[in-house]
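As numbered in the UniProt record's numbering, residues 1 to 564 make up the sequence shown, in order.
Note that CB positions come from ideal geometry on N, CA and C, so glycine has one too.
Treat the numbers as computed from the prediction; the structure is a model and nothing was measured.
Notes follow the structure.
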Amino acid sequence: MDTMTAGGAIFTRLKALGVDYVFANSGTDFPPVIEGLAEAAAKEIALPRALVIPHEHAAMGMAHGYYLMSGCSQAVMLHTNVGLSNGATGAINAACEHVPILLMSGRTPVTEEKRFGARTMPIAWGQEMRDQTALVREACKWDYELKFPEQVGGLLDRAWAIANSTPKGPVYLSLPRETLCEATPRAGLEGPPSLSPVAVAPDAAALAEAARLLAGAERPLVIAQRGAGDAASFTAFGCWAEAWGIAVCSWWATHLAISTEHPCHIGADPGPWLAEADVVLVLDCLAPWWPDRHALRPDARVIHMGPDPLFSRFPVRNFRCDVAVAGESAVTVPALIDAMAGLPRDEAAIAARRARLAEGSEATRRAAREKAADVRRGITKAYVSLCLGEALDGLEASVFSELGTQLGTLKRSEYRSWFQEPHSGGLGWSFPCALGAQLAEPDRICVATMGDGSYMFANPTVCHQIAEALALPVLVIVLNNEEWGAVRASVAGLYPGGHAARANEMPLTALKPSPDFTQTAAASRAWSRRVTDPAEVPAAIAAALTVVREERRQALLDIRVLPD
1 MDTMTAGGAI FTRLKALGVD YVFANSGTDF PPVIEGLAEA AAKEIALPRA LVIPHEHAAM
61 GMAHGYYLMS GCSQAVMLHT NVGLSNGATG AINAACEHVP ILLMSGRTPV TEEKRFGART
121 MPIAWGQEMR DQTALVREAC KWDYELKFPE QVGGLLDRAW AIANSTPKGP VYLSLPRETL
181 CEATPRAGLE GPPSLSPVAV APDAAALAEA ARLLAGAERP LVIAQRGAGD AASFTAFGCW
241 AEAWGIAVCS WWATHLAIST EHPCHIGADP GPWLAEADVV LVLDCLAPWW PDRHALRPDA
301 RVIHMGPDPL FSRFPVRNFR CDVAVAGESA VTVPALIDAM AGLPRDEAAI AARRARLAEG
361 SEATRRAARE KAADVRRGIT KAYVSLCLGE ALDGLEASVF SELGTQLGTL KRSEYRSWFQ
421 EPHSGGLGWS FPCALGAQLA EPDRICVATM GDGSYMFANP TVCHQIAEAL ALPVLVIVLN
481 NEEWGAVRAS VAGLYPGGHA ARANEMPLTA LKPSPDFTQT AAASRAWSRR VTDPAEVPAA
541 IAAALTVVRE ERRQALLDIR VLPD
């Protein structure tokens with residue numbers, strides 16, 4: 001019988017499941033995995049490419065970014081409990097954004113002697129936990145431990161199917177070293193999946209009610225945070241909003257649902273529009289408005305539509321919901337459009353509403369960009385956003401912003417052209433996510449924009465090393481204000497007249513003196529430049545884009561900006 005180690009069998013099965021890459025950070029539990037990889041290569045077995053990723057947070061971020069571009073879930077393999085703990089933040093981010101990742105980590109040997117793979121050094125005792133999976137259980141849809149080598153195929157099939165079922169999300173499989181050391185039959189490992197992911201279809205009655213409400217609304221509003229599905233539904237959504245004259249707000253949008261230049265895109269603030277809306281469609285939004293700031297009209301009807309309209313894994317989320325429509329947006333958006341196609345229309349009212357929206361959206365864009373262009377005080381995040389949008393206009397590019405550039409002031413028009421940090425707030429996401437996206441689409445311009453704190457959270461030495469090792473020409477723009485700007489803003493928001501807000505320097509927020517980030521990038525042979533003069537920003541961005549596009553080399557801009 002043709003057999004192979006369980007470590008090699010895992011990679012063989014992952015390839016059959018459509019996994020292209022395993023982002024790995026190896027350890028003392030990996031000998032059977034590494035031996036299995038070498039064995040499979042010697043037998044010319046097709047495998048996903050195993051990549052050495054020097055930090056687990058980067059591995060999770062790259063898997064996240066690869067999925068955003070490809071739509072295919074990837075695998076991450078980490079080292080026992082300590083590696084899993086470093087990857088836990090990435091699992092939280094993926095869970096919050098419904099990103100499927102096949103997460104695995106070794107488990108320190110449970111036997112002390114007389115079994116192949118048993119403990120050999122003190123670390124094997126030090127890394128044992130009673131419940132290692134607890135590190136990520138709350139963030140994962142499914143978890144289990146590989147008990148026997150012959151379970152590899154079935155368990156990976158189950159993990160993959162659950163991860164890719166609606167709502168999608170990460171799953172976790174623990175891998176004891178003794179089990180990985182055992183042999184298992186190769187037969188069946190290269191066959192098709194034995195389980196199929198579950199795709200949830202929208203309830204017909206709920207869909208019809210949502211269509212009726214929106215078609216009959218006088219002041220309809222859509223608040224969209226996580227895009228509008230795939231490329232086809234993204235295009236259809238924009239056409240539908242214009243055809244019906246429906247306002248679309250991108251409140252804290254992590255994905256682009258509609259072009260920032262669309263006549264119905266009213267910007268990021270739902271407040272004035274929410275106050276008068278009689279029907280509100282909440283399109284895949286974890287938190288569609290700020291309850292203490294944004295008032296919902298008392299007689300308004302609210303529709304929630306998304307993979308999990310009520311976001312059931314979050315303990316507290318009590319936004320009003322009169323109609324719930326479940327399903328992936330690539331399915332529900334076209335279904336809603338079709339359901340409204342034959343309903344009565346007041347053409348005169350729609351035309352008037354459309355004209356009002358176009359006027360309001362244009363005024364909002366113009367005011368924001370005129371304000372951004374004013375650099376008399378110095379460089380602002382808004383100004384960098386404005387310059388970057390102009391530089392990327394007409395190019396196939398994706399911006400991954402983490403407390404960095406600002407949507408709206410930054411022009412973004414195409415599907416997959418904008419991503420913002422997950423609402424879970426696991427910082428250090430932008431840089432590795434852009435690396436994963438670049439890996440998935442080598443010809444796309446991938447730009448990671450982030451604050452200086454987020455850049456340091458990303459383990460930048462690691463990320464720059466990855467970019468050089470894999471020849472990933474990402475553009476990194478650090479908007480450096482020498483502080484935790486989000487923390488300062490939160491304090492000032494809660495205590496606007498407080499002692500902290502009046503202090504010359506707010507406690508626990510300063511990041512001074514700021515490191516010279518250009519040197520961090522240069523250590524991995526990246527092109528880098530520090531910018532302090534507003535007049536230099538457009539030329540610096542243009543030069544950096546030339547490097548990533550023509551030299552196919554990573555570039556970094558350390559732009560010193562004013563606090564917001």
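| Asked | Found |
| --- | --- |
| The segment 20-29 / the segment 46-59 touching (three or more Cβ pairs under 8 Å) | yes |
| Contact check, Glu402 vs Gly451, beta carbons under 9 Å | yes |
| Nearest to Glu218 (by Cα), restricted to the options Val548, Ala348, Ser73 and Leu256 | Ala348 |
| Close beta carbons around Gly27, own chain, < 7 Å, minus the five adjacent residues each side | His79, Thr80, Gly83 and Gly106 |
| DSSP three-state assignment for Gly451, whether helix, strand or coil | strand |
| Neighbourhood of Gly267 by C-beta, 6 Å cutoff - its chain only, sequence neighbours within 5 removed | Thr364 and Gly408 |
| Counted within 10 angstroms of its Cβ, other Cβ atoms place Phe148 as buried (16 or more) or exposed | exposed |
| The alpha helix (DSSP H) enclosing Leu156, as first and last residue numbers | Val152 to Ala163 |
| Residues sharing a beta bridge with residue 571, DSSP | In the structure displayed, the chain extends from 1 to 564; residue 571 sits before or after that span and is not available. |
| At least 3 beta-carbon pairs within less than 8 Å: the segment 294-309 vs the segment 264-283 | yes |
| Spatial distance of Asp230 from Ser329 (CA atoms) | 8 Å |
| Residue environment, Asn318, which counts as buried when at least 16 other CB atoms sit within 10 Å | exposed |
| Residues of its chain near Glu190, where Cβ-Cβ distance is below 7 Å and the 5 sequence neighbours each way are ignored | Thr12 and Ala16 |
| For Phe419, the residue or residues it bridges with in DSSP | His255 and Phe400 |
| Cutoff 8 Å; reference Cys72; Cβ partners in own chain excluding five residues on either side | Gly18, Val19, Asp20 and Tyr66 |
| Residues that DSSP places opposite Glu172 in a beta bridge | Checking the sequence shown, residue 172 turns out to be Tyr, not Glu. Note: Tyr172 sits in a beta bridge opposite Leu103 and Asp143. |
| Continuous alpha helix (DSSP H) stretch holding Ala239: start and end | According to the sequence shown, residue 239 is Cys rather than Ala. Element bounds for Cys239: Ala231 to Trp244. |
| Contact between the segment 446-466 and the segment 509-527 (3+ Cβ pairs under 8 Å) | yes |
| Inside the segment 451-508 only - beta strand (DSSP E) runs reaching at least 3 residues | 475-480 |
| Residues bridged to Met305 (per DSSP) | Leu283 and Val325 |
| Assumed close pair Pro32, Gly117 - CB separation to whole angstroms, cut-off 8 Å | 7 Å |
| DSSP-derived helix/strand/coil call for Gln127 | coil |
| Ala75 - DSSP class collapsed to helix/strand/coil | strand |
| Met121 to Asp29 span [Cα, whole Å] | 11 Å |
| Unbroken alpha helix (DSSP H) run spanning Ala59, endpoints | Glu56 to Ser70 |
| Segment limits, beta strand (DSSP E) that includes Thr5 | Thr3 to Thr5 |
| Thr518 versus Val476 - alpha carbon distance | 11 Å |
| Cα-Cα separation between Ile92 and Ala139, rounded to whole angstroms | 5 Å |
| Within 9 Å, strictly: CB atoms of Ile10 and Leu180 | yes |
| Unbroken alpha helix (DSSP H) run spanning residue 629, endpoints | Outside the shown range of the chain, which is 1 to 564, sits residue 629, and nothing can be said about it. |
| Cβ-Cβ distance between Ala437 and Ser398 below 9 Å | yes |
| Neighbour-count burial assignment, Phe314, 16 or more Cβ in a 10 Å radius | exposed |
| Outcome for Trp290 when other beta-carbon atoms lying within 10 angstroms are tallied against a minimum of 16 | exposed |
| Anticipated Cβ contact below 8 Å, Lys381 with Val561, distance rounded | 6 Å |
| Inter-residue CB distance, Asn481 and Pro534 (contact presumed, cutoff 8 Å) | About 15 Å; that fails the 8 Å criterion. |
| Helix, strand or coil at Pro167 [DSSP, three-state] | coil |
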